[in-house]
Amino acid sequence: MTQELKLVFAGSMGAGKTTAIRAISEIEPITTEVQNTDFVEFDKEETTVAMDYGELTLQGGEKLRLYGTPGQMRFQFMWPILASGALGAVLLIDNSRPDPLADLELYLEAFRSLADAGAAVVGVGRMDRCPQPSLEDYAERLAQLDIVVPVMPADVRRRDDVLDILEVLFQQIEATNDVSQNAVSE
Amino acid sequence: MVGEAITYSLRGVDEKEEFLLNSMIERIARRLDRPVMCGPIESAHIIFFDGPTPERHKPSSRLVRLIRNGDAQRALGTVRIPPHVTELQSVFSDFLGEKSHAQTDCSLVKRLAGSIYDLCKLRGDPHALVDGAGRGLILYPGERQFSWSGQEEDMPIADFFRPRGLLDFNLRPLADGAPSEIGARRGIEPVLWHMGLAHAQCGLLSWVSADNILKLRVWPYLATQGPRASTRLATLLRAQPRSVTALVATADVPEQDVIAFVNAALLCGFLAGETRSDARVAPSPPIAQEDMAMPVRAAAFSGVFGAIRNALRMRT
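As you go down the protein sequences, you meet chains C and D in turn. Just so you know, we're using our numbering here: the first sequence kicks off at 1 and counts up by one. Just so you know, we're using our numbering here: the second sequence kicks off at 1001 and counts up by one.
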């Protein structure tokens, strides 16, 4: 029987979720983009209203499913549905947004159980154009929230940056699993 | 005060040569300020040998090749057989000289790191950190900031510490005629991070032992500035507080890299010491009941990440 394996890409509108999925999906991502009518929230022609979907075939035929959550707040109810049963989550923050640290808090709150279990990583985009807040500011805010989660700069247009994020995510999940398994065997 | 004994070992010599060498070394030892003893190769500071190069059980052991052809040109790090007193003497005096130099340097380095750590912890007054070439940083521990001083162009902090590690630096209160501040103030963490890395040549910070349990408090966002295994070490510590000894055993990373990472992360405050009883408490925060399936599920898929890495042709 083929089991479902999935990764979730979450983040604000325009943070690059569709781009990140496109960087690693073996199929052209299936997107549900429509004309953006929310120009107050974000100045972008099209946006994802339901989700993005990509996939990757693993050895043995298993599929890794890649889901991108809708960025608009009115679709927030879909986030836990997409996150349910996920191996991990990549939280993409757009540093050019008005308050990226508030975005960070919002997404960490939504994906807190994954973050606490060591199965989430934060990628900060557009730091070249908007260097503030700095990674130090992110680290400080995370410390205030009492969450230790990897935070790293990422330009998701570059496939290597997406792979770097995933590598940190995988290393974290593996390290956490090793500890859990050792605890069970003891 | 008599210091720690210098131990030596002999390999590939016959009985007569052994007797000669031992007798001469015993006489040389009378003029040294440290006792000298013949001992097993595993613990020897100096290993005299002929034939195949013996394995060094201590990385700091010195190997001295014995040259049997009396006419041969003696190379650095060799001693002729039959032994010459002056050659043997220079082996021991060089060893003592270097050891004493190294100890002096490391004590300076440890003191400097300790002073800066205390300044930051106590939010002390501004200080100037100036190197032998007159280049300097101005540290504002109260604000956890720094800036460049004097005429020095802004440059990567790593280059500031690279030439001689932490040697030749002078830390003094800013009021004592220190050069004026130039450039914008920035967060002090990169200075502390690179100081920690440079300190690795002298081992762990003086207030930490290899058995102290360390907990990751903040993700080390400077990890990309080295050492290479920093991210892996951080993920291991994120999963569970560990000692340096345990980290070396688990991570399969050179001890020197682990020490460098730990020093840097401790100075920055990314890591903190933890008591053993704290470390025995659950390694991860509690997971909500509805999410309980998630880690179990991930454990069941152990090996899946290797498959994903293969599919994406990721370099691990």
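Glycine included, every Cβ here is placed at the ideal spot set by N, Cα and C.
query                                                                                                                                                                                            : result
In chain C, what lies closer than 8 Å to D:Ala1272 by C-beta?                                                                                                                                    : In chain order: nothing, as chain C lies at least about 11 Å away.
Using a Cβ-Cβ distance under 7 Å, would C:Pro150 count as near chain D?                                                                                                                          : yes
Chain D beta carbons: is any one of them nearer than 7 Å to that of C:Gly11?                                                                                                                     : no
Would you kindly report the start and end of the unbroken alpha helix (DSSP H) that includes C:Trp79?                                                                                            : 78 to 83
With a CB to CB cut of under 7 Å and the five nearest residues on each side skipped, what residues in its chain are close to C:Glu55?                                                            : Ser25, Glu26, Ile27, Lys63, Leu64, Arg65, Leu66
Give the residues of chain D in contact with C:Val168, contact being defined as C-beta atoms less than 8 Å apart.                                                                                : Thr1231, Thr1235
Anything in chain C within Cβ reach of D:Met1314, meaning under 8 Å, just list it in chain order.                                                                                                : Leu163, Leu166, Glu167
What is the rounded straight-line gap between the Cα of D:Pro1190 and the Cα of D:Arg1172?                                                                                                       : 20 Å
Would you call the CB atoms of D:Asp1050 and D:Leu1066 closer than 7 Å?                                                                                                                          : yes
Please go through the same chain and pick out, in chain order, the residues whose beta-carbon is closer than 6 Å to the beta-carbon of D:Ala1005, but skip the five residues on each side of it. : Pro1035, Met1037
Establish whether the CB of C:Val8 and some CB of chain D are separated by less than 7 Å.                                                                                                        : no
Could you check where the alpha helix (DSSP H) with C:Ile112 kicks off and where it finishes?                                                                                                    : The amino acid at residue 112 of chain C is misidentified as Ile; the sequence shows Arg. Element bounds for C:Arg112: 112 to 116.
Can you give me the C-alpha to C-alpha distance between D:Ala1279 and D:Leu1247, rounded to a whole angstrom?                                                                                    : Bear in mind that the predicted position of D:Ala1279 carries a pLDDT of just 44, short of 50, making it too unreliable to give a figure here.
Does any residue of chain D have a CB that is nearer than 7 Å to the CB of C:Thr69?                                                                                                              : no
Less than 7 Å between the C-beta atoms of D:Ala1128 and D:His1199, yes or no?                                                                                                                    : no
Where in the segment 1166 to 1251 of chain D do unbroken runs of the beta strand (DSSP E), each at least 3 residues long, occur, reported from the N-terminal end onward?                        : 1170 to 1173, 1181 to 1187, 1213 to 1216
Please list the terminal residues of the continuous beta strand (DSSP E) segment that includes D:Glu1274.                                                                                        : 1271 to 1274
Taking all protein chains shown into account, do 16 or more other C-beta atoms lie within 10 angstroms of the C-beta of D:Asn1310, making it buried, or fewer, making it exposed?                : exposed
Indicate whether D:Thr1086 and D:Gly1039 have their beta-carbon atoms separated by less than 7 Å.                                                                                                : no
For D:Ile1006 and chain C, any beta-carbon pair shorter than 7 Å?                                                                                                                                : no
Shortest alpha-carbon distance to D:Leu1239 belongs to which of C:Asn95, C:Ala110, C:Val149, C:Glu167?                                                                                           : As written in the sequence, residue 1239 of chain D is Ala, which differs from the Leu given in the question. Measuring from the Cα of D:Ala1239, the nearest candidate turns out to be C:Val149.
I need the straight-line Cα distance from D:Arg1313 to D:Ala1264, nearest angstrom please.                                                                                                       : 32 Å
Tell me the rounded alpha-carbon separation between D:Val1253 and C:Ala139.                                                                                                                      : 25 Å
Among C:Thr32, C:Ala115, C:Val162, C:Asp155, whose alpha-carbon lies nearest the alpha-carbon of C:Arg129?                                                                                       : C:Asp155
Please classify D:Glu1255: does DSSP put it in a helix, a strand, or coil?                                                                                                                       : helix
Helix, strand or coil for D:Pro1054? Go by DSSP, reduced to three states.                                                                                                                        : coil
Kindly indicate if chain C contains any beta-carbon less than 7 Å away from that of D:Val1281.                                                                                                   : In this predicted model, D:Val1281 has a pLDDT of only 40, less than 50, meaning its place in the structure is not dependable; the value taken from the coordinates is given anyway. Chain C contact via Cβ: absent.
Output yes if chain D places a C-beta closer than 7 Å to the C-beta of C:Met1; else output no.                                                                                                   : Caution is warranted here: a pLDDT of 45 is assigned to C:Met1, below 50, making its placement in the model unreliable, and the coordinate value is therefore given only provisionally. No - not a single Cβ of chain D is within 7 Å of the one on C:Met1.
Using three-state DSSP, classify D:Asp1014 as helix, strand or coil.                                                                                                                             : coil
Output the distance between the C-alpha atoms of C:Ala143 and D:Ala1307, rounded to the nearest integer angstrom.                                                                                : 33 Å
Apart from the five residues on each side of it in sequence, which residues of its chain come closer than 8 Å, Cβ to Cβ, to C:Glu105?                                                            : Arg141, Leu145
Measure the Cβ-Cβ separation of C:Val151 and D:Trp1219 and say whether it is below 7 Å.                                                                                                          : yes
Under 9 Å Cβ-Cβ, which residues of chain D neighbour C:Ala110?                                                                                                                                   : Going along chain D, no residue has its Cβ under 9 Å from C:Ala110, so there is no contact; the nearest lies around 13 Å.
Might you give, ordered along the chain, the residues of its own chain that have their beta carbon closer than 7 Å to the beta carbon of D:Ala1234, omitting 5 neighbours on each side?          : Leu1216, Trp1219, Pro1220, Ala1223
Which chain D residues are close to C:Asp128, counting only those with a beta carbon under 7 Å from its beta carbon?                                                                             : None at all; the shortest Cβ gap to chain D is about 15 Å.
Going by CA-CA distance only, name the one from D:Pro1082, D:Val1208, D:Glu1274, D:Phe1270 that's closest to D:Lys1016.                                                                          : D:Pro1082
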